[in-house]
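Residue numbers (mature numbering (1 follows the signal peptide of the UniProt record, and there is no 0)): -28 to -1, 1 to 221.
Built from N, CA and C at the ideal position, the CB exists for glycine as well.
Treat the numbers as computed from the prediction; the structure is a model and nothing was measured.
To start, the structure under review is shown below, and the notes come after it.
Given below as structure tokens:
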């Protein structure tokens, strides 16, 4: 877990949106000075962005920076990386914190930059909305795309964010650019996901920004599905199962 005396998780933290659960309360900075001092030595650039909150465990604090949550002792000497679960309530408090952070981050995304396959009746009539990090060259993204009509019919908006995993300048990257620059992006996406090479197009496009979104959300594969409540479903999920998840209170 440690590299050159620094925790690898914390080194990679990005500043972002923070969450405070019902089990936490913000304390005066003087009460968490030791934690803040340790963070300064580990992630000097991002330490000021950390939200430090008390947990239900005496002497243990939640530290959240961006999409990463860890726990530290009040003296800053112990770091715990893992899930905190309230057994009585049956809640994963760490998962809830991350979901709330993702939901807030979703609200900050430029919706006009996304390709949206609207629910039957239109986006405004949708029961649910999912946001999918997709790669045109990903077989499981193609498999999920084939089920978009079923999702739309069930009242689900499907929003796509481009995440060509091979990175900038790759064939996948230029396919994404071509789709987003197409006269009819929805048709272009349908064709690309059916294995047709997109017509080469160039324009002012959001693909670079989308790659930054993927980094912010700590996406490391495709498809990655973010539900409207911020829950992240990594990998392909069949439409029938996904609809059931969305309709579960």
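Kindly indicate the opening and closing residues of the beta strand (DSSP E) around residue i.
| i | result |
| --- | --- |
| residue 34 | 32 to 37 |
| residue 43 | 40 to 45 |
| residue 204 | 204 to 206 |
| residue 179 | From DSSP, residue 179 is part of no beta strand (DSSP E) but of the alpha helix (DSSP H) over 179 to 188. |
| residue 131 | 128 to 134 |
| residue 241 | Here the chain has residues from -28 to 221 only, and residue 241 is not among them. |
| residue 87 | 87 to 89 |
With respect to the alpha helix (DSSP H) encompassing residue i, which residues constitute its N-terminal and C-terminal limits?
| i | result |
| --- | --- |
| residue 28 | Run containing residue 28: none; DSSP gives neither H nor E here. |
| residue 112 | 111 to 117 |
| residue 14 | 5 to 14 |
| residue 108 | Where residue 108 is concerned, there is no enclosing alpha helix (DSSP H), given that its DSSP letter is neither H nor E. |
| residue 124 | 120 to 125 |
| residue 212 | 211 to 218 |
Buried or exposed: where does residue i fall if 16 or more other Cβ atoms within 10 Å of its Cβ makes it buried?
| i | result |
| --- | --- |
| residue 148 | buried |
| residue -3 | With a pLDDT of only 44 at residue -3, under the threshold of 50, the placement of this residue in the model should not be trusted; the figure read from the coordinates follows. Answer is exposed; the Cβ neighbour count stays below 16. |
| residue 34 | buried |
| residue 48 | buried |
| residue 3 | exposed |
| residue 144 | buried |
| residue 180 | exposed |
| residue 150 | buried |
| residue 220 | exposed |
| residue 166 | exposed |
| residue 129 | buried |
| residue 207 | exposed |
| residue 216 | exposed |
| residue 140 | exposed |
| residue 103 | buried |
| residue 195 | buried |
Nearest by alpha-carbon distance to residue i: which of the options is it?
| i | options | result |
| --- | --- | --- |
| residue 108 | 187, 168, 47 and 156 | 168 |
| residue 212 | 2, 184, 125 and 139 | 125 |
| residue 193 | 113, 221 and 217 | 113 |
| residue 175 | 111, 103, 85 and 130 | 85 |
| residue 31 | 44, 21 and 5 | 44 |
| residue 54 | 41, 62, 61 and 60 | 41 |
| residue 75 | 208, 200 and 214 | 200 |
| residue 190 | 172, 171 and 204 | 204 |
| residue 210 | 136, 172 and 122 | 122 |
| residue 89 | 20, 25, 120 and 137 | 120 |
| residue 177 | 21, 155, 164 and 195 | 155 |
| residue 59 | 29, 78 and 77 | 29 |
| residue 159 | 142, 185, 68 and 117 | 117 |
Return yes when the Cβ of residue j is within less than 9 Å of the Cβ of residue i, no when it is not.
| i | j | result |
| --- | --- | --- |
| residue 105 | residue 133 | yes |
| residue 37 | residue 51 | no |
| residue 27 | residue 70 | no |
| residue 157 | residue 57 | no |
| residue 218 | residue 99 | yes |
| residue 202 | residue 72 | yes |
| residue 183 | residue 197 | no |
| residue 39 | residue 188 | yes |
| residue 83 | residue 127 | no |
| residue 231 | residue 131 | This structure does not reach residue 231, given that the chain is present from -28 up to 221, and the question cannot be answered. |
| residue 7 | residue 63 | no |
Using beta carbons (cut-off 9 Å, strictly below), is residue i in contact with chain D?
| i | result |
| --- | --- |
| residue 138 | Protein chains in the displayed structure number just one, and chain D is not present. |
**Prompt:** Which parts of the stretch 139 to 176 are runs of the alpha helix (DSSP H), unbroken and 4 residues or longer, counting only runs that do not cross its ends?
**Reply:** Taking 4 residues as the minimum length, the alpha helix (DSSP H) runs contained wholly in the stretch 139 to 176 are 143 to 153 and 157 to 165, in order along the chain.
**Item:** Whole beta strand (DSSP E) elements within the stretch 62 to 99, 3-residue minimum
**Value:** Counting only runs of 3+ residues, the beta strand (DSSP E) found wholly inside the stretch 62 to 99 occupies 87 to 89, in chain order.
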